[in-house]
Amino acid sequence: SCGSCHPAGLSDNVVWIFPAGPRRTLSQHADFDLGDPQRKDMRLLNWSANRDEQEDFDSNIRGVSGGAGLIVLADGVTPDPNVNDFLPLPNGGRNQLKVKGVNAWDGLKAFVQFGIRAPISPALKTDPNVITGEALFKAANCQSCHGGASWSSSKVPFTPPPAAALITAGQIVSGLRNVGTFNAATFNEVRQNAAPPLGAAGFVPPSLLSIFAFPNTLLHNGTADSIDQVLENVTHRASGTGGVDTLTNAADRAKLSTFVRSIDATTTPIPVP
Numbered sequence: 118s119c120g121s122c123h124p125a126g127l128s129d130n131v132v133w134i135f136p137a138g139p140r141r142t143l144s145q146h147a148d149f150d151l152g153d154p155q156r157k158d159m160r161l162l163n164w165s166a167n168r169d170e171q172e173d174f175d176s177n178i179r180g181v182s183g184g185a186g187l188i189v190l191a192d193g194v195t196p197d198p199n200v201n202d203f204l205p206l207p208n209g210g211r212n213q214l215k216v217k218g219v220n221a222w223d224g225l226k227a228f229v230q231f232g233i234r235a236p237i238s239p240a241l242k243t244d245p246n247v248i249t250g251e252a253l254f255k256a257a258n259c260q261s262c263h264g265g266a267s268w269s270s271s272k273v274p275f276t277p278p279p280a281a282a283l284i285t286a287g288q289i290v291s292g293l294r295n296v297g298t299f300n301a302a303t304f305n306e307v308r309q310n311a312a313p314p315l316g317a318a319g320f321v322p323p324s325l326l327s328i329f330a331f332p333n334t335l336l337h338n339g340t341a342d343s344i345d346q347v348l349e350n351v352t353h354r355a356s357g358t359g360g361v362d363t364l365t366n367a368a369d370r371a372k373l374s375t376f377v378r379s380i381d382a383t384t385t386p387i388p389v390p
């Protein structure tokens, strides 16, 4: 069941060990461009940009959830064995299992596009700390990674499948941002078959939309328990200003944290530069 990790399409806020390494469950409420009523554009999926279609998660249904998959052969029942990330075929638009006459993946995708609501922050938008924090957010150019209607700069920049040249170590590396949050020596940085975990090239910028609703296990591996702790990382907080740290003052960081925790669907998006 997708809902066991994504209750109501959101996140169980648990860090799971996946083939790529430790990964906190990402909420799906910001998978698609919320500024587009048609929800056509989508972010690169997973922390490591190793998927570019919702239908790629047929592999999760088979390998993680214990199901048989929803992409099937022409008989409409037998699981199609040729399901892979990226290449050689796109997984979208393929033969699907039907549920009550509806293509299963088409229904799942429509739910992710239109059926998930961002939690409403209890923070007051008129709080002076929220207002000042927003100004600090802009001054630090946080919007270079966390701007736009979905509060993430990530977008799938092609029509699947991608050109092979775009793929390195199973990732669309152009969609990754290295902001100093990966440390291979961290206790839970382990991966399937004892291979080195992915992360040295960076991660897909996660959405900040309604981030308040998913506390205590922040970053890809859950090693930060608050936005305040995330902001202690100088490399991270200075990544939007070319390494110039505009947030040396702890009181300023606290105000920025207050703003970030106030972000919900009623907050006016800050455009990506």
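Numbered as in my numbering, the sequence shown ends at 390 without a single skipped number.
All C-beta atoms in this analysis are idealised placements derived from N, C-alpha and C, irrespective of residue type, glycine included.
Using beta-carbon positions only, say whether residue i and residue j come within less than 8 Å of one another.
i: residue 296; j: residue 319; result: yes
i: residue 231; j: residue 376; result: no
i: residue 209; j: residue 277; result: yes
i: residue 270; j: residue 147; result: no
i: residue 337; j: residue 168; result: no
i: residue 329; j: residue 378; result: yes
Assuming residue i is part of the beta strand (DSSP E), what are its boundary residues?
i: residue 132; result: 132-135
Considering only C-alpha positions, which residue in the set the options is nearest to residue i?
i: residue 183; options: 218, 118, 235; result: 118
i: residue 225; options: 152, 123, 341, 142; result: 123
i: residue 128; options: 355, 327, 382; result: 327
i: residue 274; options: 147, 390, 160, 139; result: 160
i: residue 251; options: 192, 189, 163, 325; result: 325
i: residue 93; options: 156, 165, 138; result: There is no way to answer for residue 93, as the model of the chain reaches only from 118 to 390.
i: residue 372; options: 197, 257, 262; result: 257
i: residue 304; options: 359, 247, 339; result: 339
i: residue 315; options: 242, 180, 136; result: 136
Alpha carbon to alpha carbon, what distance is there between residue j and residue i?
i: residue 292; j: residue 131; result: 24 Å
i: residue 368; j: residue 342; result: 18 Å
i: residue 298; j: residue 348; result: 11 Å
i: residue 374; j: residue 216; result: 44 Å
i: residue 284; j: residue 200; result: 17 Å
i: residue 262; j: residue 233; result: 23 Å
Along the chain, where does the alpha helix (DSSP H) containing residue i start, and where does it finish?
i: residue 179; result: 175-180
i: residue 139; result: Premise fails: residue 139 lies in the beta strand (DSSP E), 138-141, not in any alpha helix (DSSP H).
i: residue 249; result: 245-256
i: residue 230; result: 221-231
i: residue 378; result: 367-379
i: residue 346; result: 344-347
Count the other CB atoms, across all protein chains shown, that sit within 10 Å of the CB of residue i; report buried if there are 16 or more and exposed otherwise.
i: residue 144; result: buried
i: residue 380; result: buried
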